[in-house]
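Under our numbering, the first residue of the sequence shown carries the number 2, and numbering increases by one thereafter. Down below is the structure, laid out as structure tokens.
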Amino acid sequence: MAPDTQEIGQPVQPGPGRSKISREQPCHFFPQGPTIMRAVTFAAPWDLRTVSVPDPVVLAPTDVIVRVEAAAICGSDLHVYRGVERGLDAGTVLGHEFTGTVVSAGYAVVRARPGTRVAAPFTVNCGRCWACRRGLTARCVESQVFGWVQQGCGLHGGQAELVRVPHADATLVPIDESIPPELALLAGDVFSTGLHAVEQGGVQPGDAVAILGLGPVGQCAVLAAVAAGARVVYAIDRVAHRLEQAQRHGATPVELEADVLATIRHGTEGRGVDVVIEAVGYPDATQLAWQIVRPGGTISAPGVHNEPAFALTPGQLYDKNLTYRAGRAPARAYLERSLALLNREGWRLEGLFSHHLSLAEAPRGYEIFNERRENCTKVLLRME
Numbered sequence: 002m003a004p005d006t007q008e009i010g011q012p013v014q015p016g017p018g019r020s021k022i023s024r025e026q027p028c029h030f031f032p033q034g035p036t037i038m039r040a041v042t043f044a045a046p047w048d049l050r051t052v053s054v055p056d057p058v059v060l061a062p063t064d065v066i067v068r069v070e071a072a073a074i075c076g077s078d079l080h081v082y083r084g085v086e087r088g089l090d091a092g093t094v095l096g097h098e099f100t101g102t103v104v105s106a107g108y109a110v111v112r113a114r115p116g117t118r119v120a121a122p123f124t125v126n127c128g129r130c131w132a133c134r135r136g137l138t139a140r141c142v143e144s145q146v147f148g149w150v151q152q153g154c155g156l157h158g159g160q161a162e163l164v165r166v167p168h169a170d171a172t173l174v175p176i177d178e179s180i181p182p183e184l185a186l187l188a189g190d191v192f193s194t195g196l197h198a199v200e201q202g203g204v205q206p207g208d209a210v211a212i213l214g215l216g217p218v219g220q221c222a223v224l225a226a227v228a229a230g231a232r233v234v235y236a237i238d239r240v241a242h243r244l245e246q247a248q249r250h251g252a253t254p255v256e257l258e259a260d261v262l263a264t265i266r267h268g269t270e271g272r273g274v275d276v277v278i279e280a281v282g283y284p285d286a287t288q289l290a291w292q293i294v295r296p297g298g299t300i301s302a303p304g305v306h307n308e309p310a311f312a313l314t315p316g317q318l319y320d321k322n323l324t325y326r327a328g329r330a331p332a333r334a335y336l337e338r339s340l341a342l343l344n345r346e347g348w349r350l351e352g353l354f355s356h357h358l359s360l361a362e363a364p365r366g367y368e369i370f371n372e373r374r375e376n377c378t379k380v381l382l383r384m385e
């Protein structure tokens, strides 16, 4: 859903336009199931716990329960972990990146029947509203982000043995048994976000592209930009192993501490790149994007920004005739295409999941990911 930020911003409360829960989505009680599962839960910032909680149950005719095969820790999960994004209820089951198999379904479910292996986007989508019909599934009027419960409203997440999925037929995509869980997890969030960043940036064959920040979203954006026919993809970061990964994906690595502007001007006849994908989520990265994009170019920002004010002035946009595009990726609208592209090219992302841990080890996984220890790029959680 969001790239891992380079810095920690100020705590923010989800507000209009930032809410994890649609204003049209009613509150739900969370009835206890007859049995107990294991799940990663939020206690407080810096305090996550793998505990036993009641199984989720079907609440509506369009609900299903998915037995989770694998889940992942997203960069935006770190916002909650750090206390940057506040409002989450204690006891919330975390995680919006998961894949698994349907084990029970409401009577109105047609496609996602029990026994169906599925990939999931990070939000629930009704499939019927104005936004869903236009592919803007991130703004579905009944949208909820998995792993966000606030004041008793919302939806528990997929870092658990079981997860409830509302609007299952519109939300989930059946997948073949041959698709590795790693690819299904990437398709549901970070790869769809990277692909969206490339497409909302308008990358065309022959374009020069720069990608700022080579976390999981940035790495996926590299692959998507190369697949879109970019002439050159400059991959910019300060972490050596990230730069090496991006080079394996077909990018030209650029060390952040070097003279980035001079390097890019040298390779673009002095103009700057056609498209910058800012996959950091911090004001300094936005300013650098403005410096290296050409006049008339586009900055595409797929991640969550927590700062209270926009990093660029209207004059900066005006003086370079820039287009700036941002917002939550409509992952469900990209899910089938992401799966197809990953089925062909996903081997290039081998090694993106640097750590494979059990659900019980998830709190340690958050620590490693947050502190970037052990060359951590992404953490996969397997169910015991």
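Just so you know, even glycine gets a beta-carbon here, dropped at the ideal spot from N, CA and C.
Taking the alpha-carbon positions, what's the residue i to residue j distance?
i, j, result
"A341", "H306", "30 Å"
"V110", "V54", "26 Å"
"E143", "A332", "15 Å"
"V59", "G107", "6 Å"
"A228", "R345", "11 Å"
"D170", "Q145", "15 Å"
"A40", "P122", "19 Å"
"G207", "L215", "22 Å"
"Q246", "R373", "15 Å"
"P303", "E279", "7 Å"
"G271", "Q317", "19 Å"
"H357", "A363", "10 Å"
"Y367", "Q151", "21 Å"
"H250", "R365", "29 Å"
"V81", "R135", "30 Å"
"T51", "Q160", "9 Å"
"F192", "H267", "30 Å"
"R83", "W47", "6 Å"
"D177", "L184", "12 Å"
"T378", "C154", "32 Å"
"L343", "P315", "38 Å"
"A61", "S105", "12 Å"
"R165", "S359", "21 Å"
"F30", "A241", "With a pLDDT of 45 at F30, under the threshold of 50, the predicted position of this residue should be treated as unreliable, though the coordinate-derived value follows. Looking at the two C-alpha atoms, the distance is approximately 47 Å."
"Y283", "E308", "8 Å"
"N322", "L382", "44 Å"
"H157", "R232", "43 Å"
Return the Cβ separation of residue i and residue j in integer angstroms, given the expectation that the two are a contact with Cβ distance under 8 Å.
i, j, result
"V223", "I212", "6 Å"
"L350", "L244", "Not quite, the Cβ-Cβ distance comes to about 15 Å (not below 8 Å), so this is no contact."
"T100", "G116", "In fact, because the Cβ distance is near 15 Å, the residues do not count as touching under 8 Å."
"A139", "R329", "4 Å"
"G202", "R326", "7 Å"
"T269", "R295", "7 Å"
Would residue i and residue j qualify as a contact pair, given that the criterion is a beta-carbon distance under 8 Å?
i, j, result
"H197", "G148", "no"
"T299", "T264", "no"
"H168", "C127", "yes"
"V218", "T253", "no"
"L257", "W291", "no"
"V210", "V276", "yes"
"A226", "V199", "yes"
"D56", "I37", "yes"
"V274", "I293", "yes"
"L89", "D78", "no"
"G76", "A120", "no"
"E86", "M384", "no"
"T124", "T93", "no"
Quick check: does the Cβ of residue i come within less than 7 Å of any heavy atom belonging to the ligand GTP?
i, result
"E270", "With respect to the ligand GTP, the structure shown offers nothing to examine, as it has no ligands at all."
Go ahead and pull the three-state DSSP assignment for residue i.
i, result
"E351", "coil"
"I176", "coil"
"H29", "Residue confidence for H29 is low, a pLDDT of 46 falling below 50, so the modelled location carries little weight; the figure read from the coordinates is stated next. Coil at H29, not helix or strand."
"E279", "strand"
"A44", "strand"
"L381", "strand"
"G99", "Gly is not the amino acid found at residue 99; the sequence shown has Phe there. Three-state result, F99: strand."
"P364", "helix"
"D56", "coil"
"E143", "coil"
"P296", "strand"
"C127", "coil"
"G18", "In this prediction, G18 scores a pLDDT of 40, lower than 50, which makes its location untrustworthy; no coordinate-derived value is stated."
"C75", "coil"
"D208", "coil"
"R24", "The predicted model places R24 with a pLDDT of 45, which falls under 50 and marks its position as unreliable, so this point remains unresolved."
Label residue i either buried or exposed according to how many other C-beta atoms from any shown protein chain fall within 10 Å of its C-beta, with 16 as the threshold for buried.
i, result
"R118", "buried"
"L262", "exposed"
"P175", "exposed"
"Q288", "exposed"
"Y319", "exposed"
"E1", "Limits of the chain in this structure are 2 at one end and 385 at the other, which puts residue 1 out of reach."
"G297", "exposed"
"P182", "buried"
"R129", "exposed"
"E375", "exposed"
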